[in-house]
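Report on the following structure.
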Amino acid sequence: MKKINFVFEIKSMGWSFFLPLIVFLLFMYQLAAYQGFSLYIYNTLEFLIAPLACWWIIHLYDEYFEGGLHELLPSYPLSRWYHGIYRVLPFILMYLLMLVGSLWMVHSVVENQDYAPLLVYVGTLSLLFATVGFLLVAIFRNVMVSIVMIATYVVTEYLTNGEVMPWYHAMAFVSSPFSFRDVMPKAIVNGVLSGFFLLLGQTVLSMVLTKRYT
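So the sequence shown is numbered by UniProt numbering: it starts at 1 and just counts up by one.
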C-alpha cells in the first residue's frame with residue numbers, strides 16, 4: 001500500500017496544521033504559570049486539548065470535499081482504506097504523542113496526580129473526538145459543519161456541566177487529582193465508542209467513494 005506523504009498532507013492543511021501546536025505551547029505556558037488551581041488545568045484538558053484532537057483529522061479532508069479532489073479519485077488506484085483509516089491514524093498517533101509529553105508535565109506539576117489514569121482518561125477522550133471528527137466529515141463532507149458540531153457539543157457540555165442535554169456525556173468533569181477508579185468507566189466507554197466511530201466513519205467514507213467510482 002502506498003505510504004502517506006506527510007509533507008503533502010501538512011501542506012494541504014495550510015496554516016490549519018499549526019493551530020494544535022500553538023494550543024499545546026499555550027498549554028505549556030499555563031503549566032509553567034501553575035499556582036495550585038488544578039481545576040483550570042483539568043478544564044483545559046477536557047474542553048480544549050482533548051476536543052482539538054479532531055482538528056487535523058477534519059482538515060485532512062478539506063481538499064477532498066471542499067477543494068474538489070474527490071471528483072478526481074477514480075483516476076487514483078488507491079484503496080478506500082488508504083483514503084480513510086490508513087490516512088487518519090498517523091495524525092491521530094501524532095496528536096497522542098504530543099499529548100503523552102504534555103500529560104507527563106501535568107503529572108509533574110499537579111501534586112498527587114498519577115500519570116497512568118491521566119493518560120488513559122485524556123487519551124481515550126482525545127481519541128473519541130478524533131474519531132467523531134472523522135465520522136462527521138465523512139457524513140457531511142464539510143469541514144466547517146463538522147467543527148461547529150463538535151464545538152457546539154463541547155461548549156454546551158461546559159456551560160451545563162453535562163447535566164441538561166439528553167446525549168452521551170464524554171467528559172468526567174474532573175476538578176482535582178483522580179485515580180483509575182474515578183475515570184475508568186468513562187475511559188472504557190470512550191475507548192469503545194472511538195473504535196466504533198472509526199469503523200463507522202470508514203464505512204461512510206467508503207460508501208461516498210463507491211458512489212464516485214460508479
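Backbone N, C-alpha and C fix where the C-beta goes; we use that ideal spot for every residue, glycine too.
What you are looking at is a predicted structure, and each value in this text was computed from that prediction instead of being measured.
- Non-local beta-carbon contacts of Phe-197 in its own chain, meaning distances under 8 angstroms to residues more than five positions away in sequence, involve Leu-128, Thr-131, Val-132, Phe-134, Leu-135 in chain order.
- Residue burial is scored here from C-beta neighbours: Gly-14 has fewer than 16 other C-beta atoms within 10 angstroms and is therefore classed as exposed.
- In this chain, the alpha helix (DSSP H) harbouring Arg-87 covers 85-109.
- Here Thr-124 is buried, its C-beta having at least 16 other C-beta atoms within 10 Å.
- Under the three-state reduction of DSSP output, Ala-130 falls in the helix class.
- Out of Ile-49, Leu-193, Ile-58, the CA that lies nearest to the CA of Phe-140 is found in Ile-58.
- Boundaries for Tyr-61: no alpha helix (DSSP H) harbours it, and the DSSP string shows neither H nor E there.
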